[in-house]
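**Q** Numbered per this note's numbering, the sequence shown spans residues 24 to 266. The beta-carbon is built from N, C-alpha and C at its ideal position, and this holds for glycine as well. This structure is in structure tokens; I'll ask about it shortly.
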Amino acid sequence: MIGPLLLLVSWLLLRCEGKRLDALGFDAPRLRLRQFGAGLAVAALAAGIQQLGYAHALGTTWTVNPAFTTSRLVGGLRWELNSVLFEELLFRGYLLYQAVRLLGERRAVLFDALAFGVYHWFSYGVLGNPVAMVFVLAWTGMYGWMFALAFTRTGSLALPLGLHLGWNLVTNMLFSAGPLGAAVLVAANGAARLKAHGNLGMLLKFVLPVLLVAGVWACLRRSKSAPPSRQGQPSQGSRDVGD
């Protein structure tokens, strides 16, 4: 699995500098668990509201998928965990840690958001479609900005991992709206993925995610950025976000 491999590479690179994984926030387990749990809960709640809202707007309900098995659950969870760990270690791990040291927080966060958006040109297969490319860059870049800010303000991958995993697990694994296809719940109307239109659809698809990002930003504003040279000591900002 590529996620653990990136973790090993990050450890080796940090060891070459005389540092440990604490530099990426693998420290203070109670604090990091609170941050991870907070991110997981907030993003999962937002994703759940979105999918339940879609069903309400279309006059349908969610039902348990009778074909979903324990082996598919285990395989799906493994895929989701590896996918999120890979993206977070690649974009919010060692490279962002170094970018903050070289560019400063604001430029590093912006660069990370742009890189995350460009990455999704390829993963979404929109390269060559200018309109889709602009939309994907802006939309996924917005999430990348939130994840990057969560890393720089807490000095840890815990919060961005929680936010990223919370959204993906609920959207993809619970409500079957991702690349894995039918999962735990499926729409009673038979649609593979629900898409609501009109004002309610606009609120759920666009406004709700923007509010999620804005809410995370508002909570992180009062936190000072964690020093990029920190080696295992939680910053004051880390304490504020976790408490």
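1) Using 8 Å for Cβ pairs, my map puts Tyr-117 next to Leu-37. What's the rounded Cβ distance?
2) For my contact list, Val-159 and His-143 are in at a C-beta cut-off of 8 Å; report their separation, rounded to the angstrom.
3) Going by the CB atoms, is the gap between Leu-208 and Thr-86 shorter than 8 Å?
4) Need the endpoints of the beta strand (DSSP E) that Val-87 sits in, please.
5) Let me know the alpha helix (DSSP H) ranges lying completely inside the segment 103 to 135, each 4 residues or longer, listed in chain order.
6) For the alpha helix (DSSP H) that Val-239 lies in, which residues bound it at each end?
7) Secondary structure at Ala-210, three-state DSSP: helix, strand or coil?
8) For Arg-124, does the count of other Cβ atoms within 10 angstroms reach 16, so buried, or fall short, so exposed?
9) Tell me which same chain residues have a C-beta within less than 8 Å of the C-beta of Ile-25, skipping the five on either side of it?
10) Is Thr-92 helix, strand or coil when you go by DSSP?
11) Is there contact here, the segment 89 to 99 with the segment 135 to 154, by at least three beta-carbon pairs under 8 Å?
12) For my contact list, Asn-227 and Gly-99 are in at a C-beta cut-off of 8 Å; report their separation, rounded to the angstrom.
13) If Leu-81 and Asn-212 are in contact, beta carbons under 8 Å, what's the gap, nearest whole angstrom?
14) Using three-state DSSP, classify Phe-198 as helix, strand or coil.
**A** Concretely, from the data shown:
1) Stepping through the sequence shown from its first residue, residue 117 is reached at position 94. Stepping through the sequence shown from its first residue, residue 37 is reached at position 14. The beta-carbon distance between Tyr-117 and Leu-37, rounded to whole angstroms, is 7 Å. This is short enough to meet the 8 Å contact definition.
2) Sequence index remark: in the sequence shown, residue 159 carries index 136 (1-based). Sequence index remark: in the sequence shown, residue 143 carries index 120 (1-based). That belief holds up - the Cβ atoms of Val-159 and His-143 are roughly 5 Å apart, short of 8 Å.
3) Here residue 86 is taken as the residue at index 63 of the sequence shown, counted from 1. Here residue 208 is taken as the residue at index 185 of the sequence shown, counted from 1. Yes, the Cβ-Cβ distance between Thr-86 and Leu-208 is below 8 Å.
4) For this step, residue 87 is matched to residue 64 along the sequence shown. In the DSSP assignment, Val-87 falls within the unbroken beta strand (DSSP E) covering 85 to 87.
5) Secondary structure in the segment 103 to 135: the alpha helix (DSSP H) runs of 4 residues or longer, each lying completely within the stretch, are 117 to 126 in chain order.
6) Numbered from its first residue, the sequence shown carries residue 239 at position 216. Counted as a single uninterrupted DSSP element, the alpha helix (DSSP H) harbouring Val-239 occupies residues 231 to 244.
7) Here residue 210 corresponds to residue number 187 of the sequence shown, with the count starting at 1. Of the three classes helix, strand and coil, the one that applies to Ala-210 here is strand, per DSSP.
8) For the purposes of this step, residue 124 is taken as the residue at position 101 of the sequence shown. When all chains shown are included, Arg-124 counts as exposed.
9) As a working note, residue 25 is residue 2 in the sequence shown. Asn-105 and Phe-109.
10) Counting from one through the sequence shown, the residue named residue 92 turns up at place 69. Coil, per DSSP.
11) Output reads no: the segment 135 to 154 does not touch the segment 89 to 99.
12) The count along the sequence shown starts at 1 and reaches residue 227 at position 204. The count along the sequence shown starts at 1 and reaches residue 99 at position 76. In the sequence on display, residue 227 carries Leu and not Asn. Taking the Cβ atoms as the reference, Leu-227 lies roughly 24 Å from Gly-99, outside the contact range of under 8 Å.
13) On the sequence shown, residue 81 is found 58 positions in, with the first residue counted as 1. On the sequence shown, residue 212 is found 189 positions in, with the first residue counted as 1. The pair is a contact, with the Cβ atoms about 7 Å apart (cut-off 8 Å).
14) Mapped onto the sequence shown, residue 198 falls at position 175. In the displayed model, Phe-198 falls within coil according to three-state DSSP, outside both helix and strand.
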